[in-house]
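I have placed the structure first, in the form of structure tokens, so that the comments after it can refer back to it.
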Amino acid sequence: MTSLNTDVEYERITRILNSLVKHFLREPTSKTSGKDVKATDLTLRQQQTFDFCIRILGSRITPSIASDEIHVSDLIKKKLIREHKSSSKALRFTNLFTKLQSQSIVTRKWAILYFLLSVSEQSNIGEIAGSVNNPIERAFAHRGLQDLSKSQEFERIKPTSEELKFERIKPTSEELKNRFIQNTLPIPTLSSKSSKEKESLPPKTILTKQLAILENNNEISEILLLRDIVFIFQGIDGQYIKYDKNSSYIIDPKAEISRSTRGILHRLSELGRLFRHVNDFVCTNVNDTSIGLVGQAFCYALQRELTEYYKFIAVLEAQVTKVTDSQQVEHNGLSLKRVLAWTQESLLNLRMMSELVDCCKQKRGGALVSTIYNYTNHGDPFIQQFINNMLEEVSRPFFEMLQRWVYGGELEDPFEEFFVACDPNVEEEDLWQSKYTIRPDMQPTFISPLLAKKIFAIGKSLNFIRYSCHDNDWVITNAGADKVLKYGDIIALECSIDATYTVTSQRLLNILFTKYKLKEHFTALKRYLLLGQGDFIQHLMAQLGPGLSKPANTLYRHNLTGTLESAIRASNAQYDDPDILRRLDVRLLEVSFGEAGWDVFSLDYHVDSPINTIFTPHAMQQYLKLFNFLWRLKRVEHDLSSAWRRNMTNARSLYQIEELKKDINTSRLVCSEMIHFTSQLQYYILFEVIECSWDELVKDYTKSGDLDSLIEAHNKYLKNITTKVFLDTSSNQSYHTRLLNIIQFIFQYKNGLDELHNFSLKEILRGDNANIERGQHKMIQERLTETAGLFKREVVGLLVALANHHDTDLRFLSVRLDFNEFYRKGLINL
Amino acid sequence: MEDPKIQEAKETMDILHEISTILNTGLDRDTLSLCLSLCENGVNPEALAAVIKELRRESAKN
């Protein structure tokens, strides 16, 4: 700008200002000569004011806004909306502003607009300040507290005439002129401005100004703190804020930071702390394979979230750098408070992550998944969404394992994270029962126990089909189901699991019933071990009878096997499936001294894989126990009938001896009593117990959905039988011993009867019918009477117990045994 | 007919005066035109506002 130009400008400004002053301060005297615009015509007061105004204009109050008309118009609009609570005035202003923009006369539109805005703000303040001007308030103000804001302002803006005298050099017009020009120039640098001000301003003003500068210098500028806080966000120590060992950030206590700023910094540093926490966890675990696949997925998900966070920090850092470069905190609008507002979302994210890290530290696998899942019930949709996203990532390996397990039966779980565990030491035979187990703590909570059980059963069935039933093809073809299981849709998951479960279970049962003839095995066991095949048992007993009477240690298995073969051939059993007959075998129980062959003989039925999953060793033991009892009963019946036959065939000759006639008669009565008992008992066992239970079993296994229910049905069947046949020693001890006693007495009686027969035959052969050996006769007679008495007492005891039994079947048994109330008398006596 | 330039100047003054009324500045048309010319001559608007304030205070003293 040339000096000529500035001179002209200065002249113009003084002229206009002059008229402005005159306009405001119209003296009564000057009213007449108001048209005169020369500076010399001013009154003293006008002159003083004029000087002061020149000084104000010459001062370096820099415009605090950018010289942009759009920005100013925005400010005005905001002010209008704020003050009038409606947009009508703002709209009007917008219209006017657009008109103004089209005008070409005004070159510095922003200046006039900003001027108007400033004046408008002044007049608002003036209204409020004006109220203090009333005399009463002023009086109070003087007596009590001074209106500080007003007096300060006064001092700053208008130095009294006294102070004006102190001023070293009254600014010449030249100086003032220069200052005007500078004001129109872009903002001067801070240092040059302050140094010049020191020279030109009156001492008191300098003092206040310096004080202000001092204050500003002591306080650490926000820019520095902003830079610090960005470091903190990344877990790096800043200049003033440092990480403490006690997992918190400490602001340097010596730093001059105001209390409120400290508060904000503390709040901001939480982000840094959380970040450190999460980042530490990720760093230590991301390469540590021991936390398992799910744990690694968790780390990955965390890292992904942290990447988002890094992006945010990068943006923030860019902003901060921009601010630091331009040194304009206010204008750019980046402040600690603003950063605090911006970081709220990240803070929430990091808080949740840190929370998850805390509670998932010690967990792994399914437990980790369920821990995270527990947070999905949070009421805040934002948190829910976050957790769901997280969970989708974290549960991915879990669902992969699930998929392989459900569709291939493979258990790929190197870190034991799945809720199905496999014991590699378990033999293939026990695959179904004990190879696989559920780990309850690894079962995610979103998989219900029922669903978990199904999933468990599916995989187990697949393995069973593959390894025990040797049907690999089906598993492979079926595994082609390329469904992808993932977190999010539990209902769909349940559906597909249900479908797979049904298909797999049906397939398994189908294999068992067709390829492995499960039904035939059930029948065979019933026919041979539960004596359902009457003619076979009859033959066996007849052929084995003589041999089994010998001491047990003289028995040889191969002889017995031969007998068994011939019994099969002689009976209808020969038409049975050879595979089943092959399994039929003889078994000798452990021999102890003095036992007869009867005690140790037992039929056996071989079961192998896979049907031994159903016919477990325990079940087979039950079968053997049942067989032994039934066999014993059968033998009693057999013995009794042979005794009866002998009795009958020899009746005529026995009657020759008069003295024995009565004994023979009595024994016949007792014998028929016993036969009645055994046949009724046998009838009860075979028809009412075994056949009824069998019927139930058939019903159950036809409708059973999977192997487990089949096993359960079979176990129920066995338990039913053992309970009703009194072999269940736990609850019916007394019945069982009583029954065994009764059978024992029958044997004794039968032996006594044999002796009686032998004795009579001997006597007959001796030919002396009149003189029999009385001693021996007496002994036999006594023993028979005694045994008969014992037998009767036990039967009565049994009847009493049965009559009071809660089971109707057993009560019917007691009625059947005592159908003609023969034992009634004994019952009454008891 | 008036000079189009004067016409435009008048229009501008009308607009500015209306804005000034909306903003409730309490400046009359003459003052406004003086202030406008000051602004056009490169005076800092903020300083000018301070001057107006001062002048108002002075005139209120009377």
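Each protein sequence line maps, in turn, to chains A and B.
For the first sequence, counting from 1, position 532 maps to 684 in my numbering; every step adds exactly one.
For the second sequence, counting from 1, position 34 maps to 135 in my numbering; every step adds exactly one.
For each residue, glycine too, the CB sits at the ideal point set by N, CA and C.
Predicted, not measured: the structure shown is a model, and the values here were computed from it.
Exercise. Would you please verify whether the beta carbon of Val144(B) is less than 8 Å from any beta carbon of chain A?
Key: By this cut-off, Val144(B) is an interface position.
Practice problem: Below 8 Å on the Cβ atoms is my guess for Arg516(A) versus Gly444(A); work out the distance and round it to an integer in Å. | Solution: With a Cβ gap of about 5 Å, Arg516(A) and Gly444(A) count as contacting.
Quiz prompt | DSSP-derived helix/strand/coil call for Val738(A) | solution = It is a strand residue.
Quiz item: Under a three-way DSSP split, which group does Ile409(A) fall into?
Solution: Assignment of Ile409(A) by DSSP, reduced to helix, strand and coil, places it in the coil class.
Practice problem: Using a Cβ-Cβ cut-off of 8 Å, state whether Glu145(A) counts as contacting chain B. | Solution: Outside the displayed range of chain A (153 to 982) lies residue 145(A), so it cannot be described from this structure.
Quiz item: Looking at the structure shown, is Tyr975(A) part of a helix, part of a strand, or coil, going by DSSP?
Solution: In the structure shown, the three-state DSSP call for Tyr975(A) is coil.
Self-check item: Euclidean distance between Cα positions of Pro703(A) and Glu747(A)
Solution: Distance between the alpha carbons of Pro703(A) and Glu747(A): 6 Å.
Practice problem: Verify whether the separation of the beta carbon atoms of Tyr619(A) and Glu580(A) is less than 8 Å. | Solution: A contact, by the Cβ cut-off of 8 Å.
Exercise. Please report the Cβ distance between Ile809(A) and Ser912(A), rounded to the nearest whole angstrom; I am assuming they are in contact, meaning their Cβ atoms lie under 8 Å.
Key: Ser912(A) and Ile809(A) do touch by the CB rule: their CB atoms are close to 6 Å apart, below 8 Å.
Quiz prompt | Beta-carbon separation (whole angstroms), Leu265(A) vs Ile233(A), contact threshold 8 Å | solution = About 16 Å separates the two Cβ atoms, so there is no contact after all.
Quiz item: Buried or exposed: which applies to Ser744(A), given that a residue is buried once 16 or more other Cβ atoms fall within 10 Å of its Cβ?
Solution: Exposed.
Practice problem: Name, please, each residue of chain B whose Cβ falls closer than 7 Å to the Cβ of Lys241(A). | Solution: The answer, in chain order, is Ile123.
Exercise. Assign Asp115(B) to one of three DSSP states: helix, strand, or coil.
Key: Three-state DSSP puts Asp115(B) in a helix.
Exercise. Please check the pair Leu488(A) and Leu378(A), which I expect to be a contact at CB under 8 Å, by giving their CB distance rounded to whole angstroms.
Key: Taking a contact as a CB-CB distance under 8 Å, the pair Leu488(A) and Leu378(A) counts as one, their CB atoms being some 7 Å apart.
Quiz item: In or out: Tyr708(A) buried (at least 16 other Cβ within 10 Å) or exposed?
Solution: Exposed, since its Cβ has fewer than 16 Cβ neighbours within 10 Å.
Quiz prompt | Contiguous beta strand (DSSP E) assignments of at least 3 residues, all confined to the segment 656-742 of chain A | solution = Within the segment 656-742 of chain A, the runs of beta strand (DSSP E) at least 3 residues long that lie entirely inside it are, in chain order, 736-740.
Exercise. Would you kindly work out how many angstroms separate the C-alpha atoms of Ser352(A) and Gln200(A), rounded to a whole number?
Key: Caution applies to Ser352(A), whose pLDDT of 48 falls short of 50 and renders its modelled position unreliable; the value that the coordinates give is listed next. C-alpha separation (whole angstroms): 19 Å.
Quiz item: Is the Cβ-Cβ distance between Pro596(A) and Tyr525(A) less than 8 Å?
Solution: Yes.
Practice problem: Identify, in the order they occur along the chain, each residue of the same chain with its Cβ nearer than 7 Å to the Cβ of Met693(A), setting aside the five sequence neighbours on each side. | Solution: Cβ neighbours of Met693(A) beyond the five flanking positions: Lys786, Arg787, His790.
Quiz item: Hey, is the segment 604-611 of chain A in contact with the segment 574-593 of chain A, meaning 3+ C-beta pairs nearer than 8 Å?
Solution: Short answer: they touch.
Quiz item: When we look at the beta-carbon of Pro533(A) and count the other beta-carbons within 10 Å, is it buried (16 or more) or exposed?
Solution: Note on Pro533(A): under 16 other CB atoms within 10 angstroms of its CB, so exposed under the neighbour-count rule.
Quiz item: Are the segment 398-405 of chain A and the segment 456-468 of chain A touching, with three or more C-beta to C-beta distances below 8 Å?
Solution: In this structure the segment 398-405 of chain A does not lie against the segment 456-468 of chain A, because fewer than three pairs of beta carbons, one per stretch, are closer than 8 Å.
Exercise. Look up Tyr395(A) in the DSSP assignment and say whether it is helix, strand or coil.
Key: Tyr395(A): strand per DSSP, three-state reduction.
Self-check item: Within the segment 610-648 of chain A, ranges of the beta strand (DSSP E) (whole runs, at least 3 residues)
Solution: If only uninterrupted beta strand (DSSP E) runs of at least 3 residues are considered, none is enclosed by the segment 610-648 of chain A.
Quiz prompt | 8 Å Cβ cut-off: residues of chain A touching Asp131(B) | solution = Chain A residues near Asp131(B): His175.
Exercise. Output yes if chain B places a C-beta closer than 8 Å to the C-beta of Leu104(A); else output no.
Key: There is no way to answer for residue 104(A), as the model of chain A reaches only from 153 to 982.
Quiz item: With Ile894(A) and Phe974(A) assumed to form a contact (beta carbons below 8 Å), what rounded beta-carbon distance in angstroms separates them?
Solution: Here Ile894(A) is actually not in contact with Phe974(A); their C-beta atoms are around 15 Å apart, not less than 8 Å.
Practice problem: Name, going along the chain, the residues of the segment 412-429 of chain A whose beta-carbon falls closer than 9 Å to a beta-carbon of chain B. | Solution: Along the segment 412-429 of chain A, none of the residues has a CB nearer than 9 Å to a CB of chain B.
Self-check item: Asp756(A) - DSSP class collapsed to helix/strand/coil
Solution: When DSSP states are grouped into helix, strand and coil, Asp756(A) belongs to the strand group.
Quiz item: Sorted by chain position, which residues of the same chain lie with C-beta nearer than 6 Å to Gln685(A)'s C-beta, five sequence neighbours on each side aside?
Solution: Excluding five sequence positions before and after Gln685(A), the CB atoms of its chain that fall closer than 6 Å to its own CB belong to Arg679, Ala725, given in chain order.
Quiz item: Helix, strand or coil: how does DSSP classify Val144(B) here?
Solution: Of the three classes helix, strand and coil, the one that applies to Val144(B) here is coil, per DSSP.
Quiz prompt | Identity of the residue in Glu119(B), Leu135(B), Ile153(B) nearest Arg244(A) by Cα | solution = Residue Glu119(B) is the option with its Cα nearest to Arg244(A).
Quiz item: With respect to the alpha helix (DSSP H) encompassing Ser966(A), which residues constitute its N-terminal and C-terminal limits?
Solution: Per DSSP, Ser966(A) is one residue of the alpha helix (DSSP H) stretching across 960-969.
Practice problem: Kindly list the residues whose CB is nearer than 7 Å to the CB of Thr523(A), restricted to its own chain and excluding five residues on each side of it in sequence; keep chain order. | Solution: Cβ neighbours of Thr523(A) beyond the five flanking positions: Cys511, Cys512, Lys515.
Exercise. Please name the residue in Trp262(A), Ser613(A), Arg197(A), Asp858(A) whose C-alpha comes closest to that of Asp220(A).
Key: Residue Trp262(A) holds the alpha-carbon nearest to the alpha-carbon of Asp220(A) among Trp262(A), Ser613(A), Arg197(A), Asp858(A).
Quiz item: Ordered along the chain, which non-local residues of its own chain (more than five positions away) have a Cβ less than 7 Å from that of Arg935(A)?
Solution: Closer than 7 Å at the Cβ level, and outside the excluded window around Arg935(A), lie Gly904.
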